[in-house]
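Note that this note's numbering has the sequence shown beginning at 1192, numbered continuously upward.
To start, the structure under review is shown below, and the notes come after it.
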Amino acid sequence: MPVQPPFESWLRPDGSGLYCVPGDFHIDPHAAVPRAVITHGHSDHARPGHGAVLATADTLEIMKLRLGQGAGDSLQPLDYGEALKVRDVTVRLVPAGHILGSAQVVIEYQGQRAVISGDYKRHADPTCEAYELVPCDLFITEATFGLPIYRHEPDTGEVAKLIASLKDFPERTHQVGVYGLGKCQRLIALLRQAGFDRPVYLHGALRSMTDYYLARGFALGPVPSVSDTKEKLAGEIVLSPPSALGDRWSRRFADPLAGFASGWMRIRGRVRQRGVELPLIISDHCDWPELLQTIAETGAREVWVTHGREDALVHEVSKMGVKARALALVGREDEAE
Ligand SMILES: [Zn+2]
Ligand SMILES: [Zn+2]
1192 MPVQPPFESW LRPDGSGLYC VPGDFHIDPH AAVPRAVITH GHSDHARPGH
1242 GAVLATADTL EIMKLRLGQG AGDSLQPLDY GEALKVRDVT VRLVPAGHIL
1292 GSAQVVIEYQ GQRAVISGDY KRHADPTCEA YELVPCDLFI TEATFGLPIY
1342 RHEPDTGEVA KLIASLKDFP ERTHQVGVYG LGKCQRLIAL LRQAGFDRPV
1392 YLHGALRSMT DYYLARGFAL GPVPSVSDTK EKLAGEIVLS PPSALGDRWS
1442 RRFADPLAGF ASGWMRIRGR VRQRGVELPL IISDHCDWPE LLQTIAETGA
1492 REVWVTHGRE DALVHEVSKM GVKARALALV GREDEAE
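Structure representation (C-alpha cells):
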C-alpha cells in the first residue's frame, strides 16, 4: 500500500480557519478569504466578504437574505451528492440534518476521504434533509453538546408540553424564544405535525427567514406578524428572538409566559438566567450519545473536534481507540442554537 500523506499536510487550520491546501479553499472561515466552502447559513459559519463561495443553493439564498452584497463576489451552488473537481481534490456536499441547506463537506484527496460535518444532528427534522452518514478516514466534528450531561429529549414530547401549557394557561400569551434560522421554522412545523392549527404569531425579526421557508414550500400554516394585530394574544403562541423574552416588547401581551426552545434548556442555570418558565429542549445539534454514535459509524481512524466542549469529546474518542485532537478554531459561537 502506498504511503499516504498525513491529513495535516492537506487540511489544516490557518489564520482564517480550516484550509484545504491542494484545493486552495477554506471551509467556514471566520475571516474573509478568496475561496470559501460554506456548510450552512448560521452567522458563525457563513461570514461576509468572501470572494468565491461554494454552498448548496439554499445556503446561498439564506446568505443573500442575511448578508446582501456581503454574501460573496461570486456564488456557486452545488447540489447534494454532486461531485466537483476543485484543483487536486474532489468536493461533495451531503445533507447534515442541521437546518435547511446545511451540508457536510466531503473532500477526497489521493485516495483518502475527509468529512467536515459543520453543525449536524441525527434527529428527524421536517424542515431539512436528513443527515447522511459518509464513511471516511478523517471526520471533523463539532462538539457543541459534547458532555455526557447533554441528552436531547424527543421533540414530540417537548412540543406536547407547549400545547398542554396553552390549555392550562389560556389567559396567558405563550412567548417562545427561538433562533431565527432553523429553530423557528422547525418549531412551527412540529406544532403543525402535532395537530396545532391556530396561527403562530411572529416577531418581525423572524419574518424574512420564515417567508423564505414558505416560498420553498414548507407547510407552516398561518404565521401572521405580531405587528399586524392589536390583540393581546391571550392563549396564543408568539415566537420571538430569545433577546425579546421579558423585554419591553413583551408588555403588549396578556401576562406573557416565557418559553425557550433550545438544547441549552437542559441546563437549569440557563433556564433561571433567562427567566424561562417553559423550557423546551429542542436542539439542532447532536447530543452526547449521537456524537459518539456518529463518530463510530463513520469508521474514521482520526477525528478532529472544531468547537464546543472539545476536551471531553477528544478524551472519549481516544478511549474508543481513535486518534483525536482539538482544532481550537476561533469565532464559533455556541449560543446560536
Ligand atoms: Zn449552525
Ligand atoms: Zn455552529
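Cβ coordinates follow ideal geometry from the N, Cα and C atoms, glycine included.
Predicted, not measured: the structure shown is a model, and the values here were computed from it.
Non-local C-beta neighbours of Ser1399 in its own chain, meaning closer than 7 Å and more than five positions away in sequence, comprise Leu1256, ordered along the chain. Contact between Thr1401 and Val1414 is confirmed by a C-beta separation of about 6 Å, below the 8 Å threshold. Secondary structure at Trp1201: coil, using DSSP grouped into helix, strand and coil. Between Asp1270 and Ser1293 a beta carbon distance of about 14 Å is seen, past the 8 Å cut, so the two are scored as non-contacting. Around the beta carbon of Ser1234, fewer than 16 other beta carbons sit within 10 angstroms, so the residue counts as exposed.
Nearest in C-alpha terms to Phe1444, of all of Ala1487, Ala1425 and His1476, is Ala1425. Distances between the C-beta of His1233 and the heavy atoms of ligand 1 include at least one below 7 Å. The DSSP assignment places 1346-1359 as complete runs of the alpha helix (DSSP H) inside the region 1323-1373, in order along the chain (cut-off: 4 residues). Here Met1456 is buried, its C-beta having at least 16 other C-beta atoms within 10 Å. Residue pairing by DSSP places Val1277 opposite Val1280 in a beta bridge. The beta-carbon distance between Cys1319 and Leu1357, rounded to whole angstroms, is 26 Å. This is too long to meet the 8 Å contact definition.
Of all alpha-carbon atoms in Pro1361, Val1228, Gln1301 and Ala1355, the one lying nearest the alpha-carbon of Gln1295 is that of Val1228. For the pair His1476 and Pro1432, the CB atoms are not nearer than the 8 Å cut-off.
Approximately 6 Å separates the beta-carbon atoms of Leu1381 and Asp1346; this is inside 8 Å, confirming the contact. The region 1257-1268 makes contact with the region 1237-1246, as at least three CB pairs between them are under 8 Å. DSSP places Ala1445 outside both helix and strand once states are collapsed to three, so it counts as coil. In the structure shown, Tyr1403 falls within a helical segment according to DSSP collapsed to helix, strand and coil. Taken in chain order, the whole beta strand (DSSP E) runs of length 3 or more contained in the region 1406-1437 are 1428-1431. Between Ala1503 and Asp1419, the alpha-carbon positions lie close to 48 Å from each other.
For ligand 2, no non-hydrogen atom lies closer than 7 Å to the CB of Asp1264.
Checking the 7 Å criterion, the Cβ of His1343 is out of range of every heavy atom belonging to ligand 2.
For Glu1488, the three-state secondary structure derived from DSSP is helix. If you draw a straight line from the Cα of Val1224 to the Cα of Ala1355, it comes to about 49 Å. Distances between the C-beta of Glu1481 and the heavy atoms of ligand 2 are all 7 Å or more. Apart from the 5 residues on each side of it in sequence, Pro1390 sits with its Cβ closer than 6 Å to the Cβ of Pro1413 and Pro1415 in its chain, given in chain order.
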